[in-house]
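As they're listed, the protein sequences go chains A and F. Just so it is clear: in the first sequence, position 7 is 23 by this note's numbering, and no numbers are missing. Just so it is clear: in the second sequence, position 65 is 276 by this note's numbering, and no numbers are missing. Below is one structure, written out as structure tokens, with a few remarks after it.
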Amino acid sequence: AQSVTQLGSHVSVSEGALVLLRCNYSSSVPPYLFWYVQYPNQGLQLLLKYTSAATLVKGINGFEAEFKKSETSFHLTKPSAHMSDAAEYFCAVIQGAQKLVFGQGTRLTINP
Amino acid sequence: DVKVTQSSRYLVKRTGEKVFLECVQDMDHENMFWYRQDPGLGLRLIYFSYDVKMKEKGDIPEGYSVSREKKERFSLILESASTNQTSMYLCASSLPFPRFGNEQFFGPGTRLTVL
Chain A
17 AQSVTQLGSH
27 VSVSEGALVL
37 LRCNYSSSVP
47 PYLFWYVQYP
57 NQGLQLLLKY
67 TSAATLVKGI
77 NGFEAEFKKS
87 ETSFHLTKPS
97 AHMSDAAEYF
107 CAVIQGAQKL
117 VFGQGTRLTI
127 NP
Chain F
212 DVKVTQSSRY
222 LVKRTGEKVF
232 LECVQDMDHE
242 NMFWYRQDPG
252 LGLRLIYFSY
262 DVKMKEKGDI
272 PEGYSVSREK
282 KERFSLILES
292 ASTNQTSMYL
302 CASSLPFPRF
312 GNEQFFGPGT
322 RLTVL
């Protein structure tokens, strides 16, 4: 079965600093991978997805992620953090044909 | 825009009550999902449905049942609510794989407290 591990349940960065949220997956087949964001008291919103096209995927709000098969990783980055990026971020991988398996989530805090 | 709506944002129930959580999507999606979200555990799949009247158990189905009588509506039922079912419940919908990379669209969530 596929699984996802997010390293770091909490990440704190200064405004303007690089954001790096880590995600490693295990999958026996070429994966479809996703990053979702959840703002306080809201549902999840798709940031970006990898579907076996380009390995560098650009998403909304300036985020991007790079698929590295050799490292089984799909880390999320943003060059310059903004206060509005404070949220919880979830990495997910397809399991079977229909289901998503989510990581534990990483709460991102932005310091002024 | 895809819209997934959930019947309540906040709900407080007593132990032993029967609880219904309703979810409606307006994009004619075949797949619908119920998750619960708990701190440090991420999202865990309770049940999903890939067609009307069809359902499959997810990772944590115990204590829950579901109903899908119409394509746009997916209900989660707690037959006899217990305190350990206090959680955030999220509904989602999607087209069937592989269309659109199986992106799931989420509702705003229902925060259920069982006293």
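Just so you know, even glycine gets a beta-carbon here, dropped at the ideal spot from N, CA and C.
Contact with chain F by residue i, beta-carbon distance below 8 Å
i, result
"I110(A)", "yes"
"Q18(A)", "no"
"S89(A)", "no"
Min CB distance residue i to chain A below 8 Å
i, result
"E314(F)", "yes"
"F285(F)", "no"
"G227(F)", "no"
"Y261(F)", "yes"
"P272(F)", "no"
"L254(F)", "yes"
Helix, strand or coil at residue i according to DSSP, with G and I counted as helix
i, result
"N57(A)", "coil"
"M265(F)", "coil"
"G32(A)", "coil"
"S25(A)", "coil"
"K281(F)", "strand"
"M299(F)", "strand"
"I78(A)", "Per the sequence shown, the amino acid found at residue 78(A) is Gly instead of Ile. DSSP places G78(A) in helix when its eight states are reduced to three."
"S86(A)", "helix"
"S96(A)", "coil"
"D155(F)", "Chain F is shown from 212 up to 326; residue 155(F) falls before or after that span and cannot be answered."
"T71(A)", "coil"
"T294(F)", "helix"
Contacts that residue i makes with chain A (C-beta to C-beta distance below 7 Å)
i, result
"F231(F)", "Simply none; closest approach about 19 Å."
Neighbouring residues, chain A, relative to residue i (Cβ below 8 Å)
i, result
"L301(F)", "G59 and L60"
"N242(F)", "Q114"
Where residue i meets chain F, residues with beta-carbon distance less than 8 Å
i, result
"S25(A)", "G251"
"F106(A)", "G253 and L254"
Inter-residue CB distance, residue i and residue j (contact presumed, cutoff 8 Å)
i, j, result
"S304(F)", "K229(F)", "Not really, about 24 Å apart at Cβ, beyond 8 Å."
"F50(A)", "L62(A)", "7 Å"
"L252(F)", "T321(F)", "In fact, because the Cβ distance is near 17 Å, the residues do not count as touching under 8 Å."
"W245(F)", "Y258(F)", "5 Å"
"G121(A)", "Q22(A)", "6 Å"
Closer than 9 Å at the beta carbon, the chain F residues around residue i
i, result
"G121(A)", "Q248, P250, G251, L252, G253 and L254"
Neighbouring residues, chain F, relative to residue i (Cβ below 7 Å)
i, result
"F83(A)", "Correct list: empty, because the minimum Cβ distance to chain F is about 13 Å."
"F118(A)", "G253 and L254"
Contact with chain B by residue i, beta-carbon distance below 8 Å
i, result
"L323(F)", "Absent here is chain B; the protein component of the structure consists of chains A and F."
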